[in-house]
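Quick note, the numbering used here runs 2 ahead of the 1-based positions in the sequence shown. All residues carry an ideal CB built from backbone N, CA and C; glycine is no exception. Structure, as structure tokens:
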Amino acid sequence: MKLDKVVLSTGSSIFLNMVRLVACEAVVFGHFLTKYQPVPYDPLFIFGSTIGGSAVLLFFALSGLLVSYSLLHKSDDPQYGFRSFFVDRFSRIYSGLVPALLFSGIIAAIIYTTNYTYYTNLSTMQSAPSLQTFTLTLFMLQRFPVAFFNGLLSNLGLSFPLPDVTPFGFNGILWTLVVEWWIYLFFGALVIGALALVGKRRRSLVYRAVSCVAIVMFGLLLVGFSGEFGGVIAVWFVGALMTLALGSSALKEKFFHAKWACVTLAVCLAVAAFAFCWTYASAADYSNVYLGLSLSLCLFFAIALSSEKRFSSALAKSRIARLANFGAGYSYTLFLTHYPIIIFLNGLNLLVDRWIMLLPILLITNAVACAVAFFTEKKSRQLAAAVKKLMRVP
């Protein structure tokens with residue numbers, strides 16, 4: 003299969019920003035249904051869980067696509083190695099994570115001082131905020147596959163010395179970053195290490211050996227995570243495969259035309275709708291791989307459609323483009339900070355119908371995220387440049 007240089011069109015970039023924003027708002031809406039005045043396991047609760055799970059799957063597919071797209075372009079530079087990749091991913095992840103941890107800690111402290119009974123109830127369902135949970139969340143070690151490694155080490159009479167805790171500050175959504183972080187490290191080690199192993203880059207024998215060890219270790223870690231998060235991990239790599247598919251001349255000739263893209267997208271949407279209904283009806287794994295694969299296919303063929311000149315031009319001129327680009331600029335922060343806000347508001351026990359609170363909650367979470375992102379998420383590239391300069395990384 004002949005592969006060309008992958009270049010996303012203006013229309014595709016706008017569309018991906020739209021998907022990112024809509025998916026993030028869907029996560030907020032899902033948590034509104036499941037965390038604000040919830041009635042566990044009633045139809046709305048299950049619907050909210052299904053909506054949220056679908057949106058998270060879309061985020062992982064987007065992440066796989068965009069991270070692999072970025073690495074594919076940057077790896078053309080022979081000086082771009084694993085350290086450069088690490089700094090890029092570190093800056094992107096931690097520009098949002100650290101502010102989210104501080105914000106979660108502040109919200110948890112307010113709940114502790116103003117509504118201790120509610121704080122106690124939260125602590126029975128999630129790990130209470132502590133220095134331990136803060137440290138483990140900061141270093142991507144919460145929700146770690148401790149049982150998996152204990153199973154491997156038990157034959158040697160050893161155990162894995164790490165407690166099993168949930169994210170700091172009752173911020174349940176932070177588990178997604180842990181999984182993404184270790185996927186990043188595995189993927190970066192695999193791609194950049196492979197370039198050295200196949201002779202595309204001249205590296206020492208020690209470098210190649212270390213690359214092999216890193217690939218095996220990070221891969222083993224993902225196997226451990228797959229017991230609980232197998233669906234999102236699989237979807238992330240499907241997103242990465244999309245990058246290769248977007249560079250295929252044969253696929254472009256067949257599907258990157260309005261007629262075929264519309265037909266295939268319609269079929270994929272029907273399949274995704276069926277998978278969504280099945281997930282809702284079964285009320286089991288809200289991030290199952292079947293739903294994830296169908297949504298990923300929808301994403302791929304929608305990209306194909308948005309790449310078509312007429313659609314790309316129409317998107318670029320529309321008001322939606324400005325809204326999508328603006329919203330995408332703080333969507334990551336919204337994803338990380340909305341959860342503690344909803345948890346806090348739920349504890350107020352306001353004598354107001356929950357649906358009346360939907361719009362205020364959407365406005366509050368978006369306003370907070372937009373303000374925080376101006377100083378954090380939107381500075382991630384400057385952070386990466388500063389860290390590279392400090393570490394003398396190309």
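Whose C-beta lies closer than 8 Å to the C-beta of residue i among residues of the same chain, with five residues either side of it excluded?
i    : result
Q134 : P165, V167
V234 : V58, L59, F62, T178, V181, S289, G294
F188 : I217, F220, G221, L223, L224
Just reading off the alpha helix (DSSP H) that residue i is part of, what are its end residues?
i    : result
A330 : 321 to 330
A149 : 148 to 155
W412 : With the chain running from 3 to 396 in the structure shown, residue 412 is simply not present.
M20  : 12 to 37
P131 : Run containing P131: none; DSSP gives neither H nor E here.
V58  : 45 to 76
S309 : 291 to 309
G349 : 333 to 349
I358 : Segment: none, I358 is in no alpha helix (DSSP H) and carries neither H nor E.
By Cβ distance below 6 Å, which residues in the same chain neighbour residue i in space, the five residues on each side in sequence not counted?
i    : result
T122 : none
C214 : none
L385 : S93, S97
Y82  : K76
Mapping the DSSP letters down to three states, classify residue i as helix, strand or coil.
i    : result
G83  : coil
K202 : coil
Q384 : helix
V462 : Residue 462 lies beyond the range of the chain shown here (3 to 396); nothing can be said about it.
G226 : helix
V167 : coil
M142 : coil
S97  : helix
D90  : helix
Y118 : helix
S161 : coil
A285 : coil
T126 : helix
R312 : helix
P362 : helix
T245 : helix
T367 : helix
R394 : coil
V41  : coil
T378 : coil
Taking Cβ to Cβ, would you say residue i is nearer than 8 Å to residue j?
i    : j    : result
F172 : P342 : yes
V225 : S298 : no
V181 : F227 : yes
S308 : F84  : no
T378 : P45  : no
V9   : V29  : no
T335 : A387 : no
F302 : M393 : no
K390 : V89  : yes
N19  : N327 : yes
L155 : F146 : no
G229 : F151 : no
I185 : S77  : no
F87  : G174 : no
V291 : G232 : yes
F136 : F170 : yes
T339 : V395 : no
L271 : C300 : yes
K37  : I345 : yes
F49  : L360 : no
F278 : S56  : yes
A304 : L267 : yes
A110 : P80  : no
G66  : F239 : yes
Spatial neighbours of residue i within its chain, please: CB distance less than 7 Å, with the 5 preceding and 5 following residues excluded, ordered by chain position.
i    : result
R22  : L64, A330, S333
A198 : R205, Y209, R210, S213
I53  : A28, F31, G32
A323 : I16, L317
Confirm the yes/no value for this check: CB of residue i, any heavy atom of the ligand GDP, distance under 7 Å.
i    : result
M359 : As presented, the structure is devoid of all ligands, the ligand GDP included, so that no description of it is given.
Less than 8 Å between CB atoms is the rule here; does residue i satisfy it with respect to chain B?
i    : result
V212 : In the structure shown, chain B cannot be found, because there is only a single protein chain.
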